[in-house]
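Worksheet for the structure shown next.
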Ligand code: DGL
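Residue numbers (my numbering): 18 to 278.
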């Protein structure tokens, strides 16, 4: 089984690509909904959640863990790898490298949670891959929680998003990095806002390719998808069609509350 987790629905954007790339792999998606959002919490708290979830996956026969969350990756992927040296761990980091490499204006912006915005991991990425461009880090407090409500087309939210994005475009930014897996679900809204002026950079598909490379050809299970959540698991199931992921429904084999995690 491949274990994929996030604080909530965001990691489903990564899961969808993994499910497509590995149609026969057994997948377990764990949404830590009792503790979201991660992005406004201290590193120590996030690390505790990541290690607890990692332990759960390890005890349930997981052979690869996907940290489908930029915030959790930045705060704790290293600790998770140290805790489970025998289990490959694939994390998600903002696509700073492809954005910097493809920018024509030399100005890129990274949309993230507050936690990722201040992380050493993001600074390292920028130092390593984006020295030659101007990088604007834009923390977007409240966006992940808003996305959890699934009311993505409310005018007030669209206005809030536009208020953040338009000044970035006016400053010459031509690549907008979606540095939180929840923000993939804003692609229709953001795509309309930036049309003709900038491109969105989302690494979800690239992360799935990394999972394929790490798991090799051992993924011949029966293609089942188990959905787990630390609160309100039924919302996870209902979110699939709402987020345009109804194609995952036939693979769903179980839905459970994981209160002890
Ligand atoms: N989806 C997560 C990420 O990629 C974080 C959302 C949250 O703040 O819980 O950063």
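The C-beta atom is built at its ideal place from N, Cα and C for all residues, glycine as well.
Practice task
Report the three-state DSSP secondary structure of residue 73 (helix, strand or coil).
Solution key: The sequence position of residue 73 within the chain shown is 56, counting from 1. Reduced to three states, the DSSP call for residue 73 is helix.
Practice task
Check whether the region 28-43 touches the region 195-205, taking contact to mean three or more Cβ pairs, one atom from each stretch, closer than 8 Å.
Solution key: yes
Exercise for the section: With distances taken Cα to Cα, identify the nearest neighbour of residue 246 among 18, 126, 144, 275. Expected result: Position 229 of the chain shown, counted from the start, is the residue given in the question as residue 246. Taking only the C-alpha atoms, the option nearest residue 246 is 275.
Handout entry: Check: residue 282 C-beta below 7 Å from any heavy atom of the ligand DGL
Key = Nothing can be reported for residue 282, as the shown portion of the chain is limited to 18 through 278.
Problem - Contained alpha helix (DSSP H) runs [length at least 4] in the region 53-122, N- to C-terminal order - result: 60-76, 87-100, 113-119
Problem - Distance between residue 210 and residue 252 (C-alpha atoms, nearest Å) - result: Within the chain shown, numbered from 1, the residue matching residue 252 stands at position 235. Within the chain shown, numbered from 1, the residue matching residue 210 stands at position 193. In this structure, the straight-line span from the alpha carbon of residue 252 to that of residue 210 is close to 29 Å.
Exercise for the section: Check whether the Cβ of residue 229 sits closer than 7 Å to any heavy atom of the ligand ZN, and report yes or no. Expected result: With respect to small molecules bound, the structure shown includes the ligand DGL and not the ligand ZN.
Handout entry: Extent of the continuous beta strand (DSSP E) run through residue 48
Key = The residue labelled residue 48 in the question sits at position 31 within the chain shown. Looking at the DSSP string, the run of the beta strand (DSSP E) that includes residue 48 is 44-48.
Problem - Cα-Cα separation, residue 106 to residue 99 - result: To locate residue 106, count along the chain shown from 1; it is residue 89. To locate residue 99, count along the chain shown from 1; it is residue 82. Taking the straight line joining both Cα atoms gives about 10 Å.
Problem - Proximity test, residue 130 beta-carbon vs the ligand DGL heavy atom, cut-off 7 Å - result: By 1-based counting over the chain shown, the position of residue 130 is 113. Indeed, a heavy atom of the ligand DGL lies less than 7 Å from the Cβ.
Handout entry: Limits of the alpha helix (DSSP H) - the one that residue 127 falls within
Key = The residue you call residue 127 lines up with position 110 of the chain shown. Per DSSP, residue 127 belongs to no alpha helix (DSSP H); it is in the beta strand (DSSP E), 124-129.
Problem - Distance, residue 123 Cα to residue 149 Cα - result: Your numbering for residue 149 matches position 132 in the chain shown. Your numbering for residue 123 matches position 106 in the chain shown. Between residue 149 and residue 123, the C-alpha separation is close to 7 Å.
Practice task
Can you give me the Cβ contacts of residue 190 inside the same chain, cut-off strictly under 8 Å, excluding the 5 residues immediately before and after it?
Solution key: By one-based count along the chain shown, residue 190 stands at place 173. Excluding positions up to five away in sequence, the list reads 122, 124, 125, 126, 153, 215.
Problem - Whether residue 104 touches residue 82 by CB criterion (8 Å) - result: The residue you call residue 104 lines up with position 87 of the chain shown. The residue you call residue 82 lines up with position 65 of the chain shown. Closer than 8 Å, so yes.
Practice task
Compute the minimum distance between the beta carbon of residue 54 and the heavy atoms of the ligand DGL, and state whether it is under 7 Å.
Solution key: As a working note, residue 54 is residue 37 in the chain shown. For the ligand DGL, at least one heavy atom lies less than 7 Å from the Cβ of residue 54.
Exercise for the section: Following the continuous beta strand (DSSP E) through residue 152, name the residue where it begins and the one where it ends. Expected result: For this step, residue 152 is matched to residue 135 along the chain shown. From DSSP, the beta strand (DSSP E) with residue 152 extends over 151-156.
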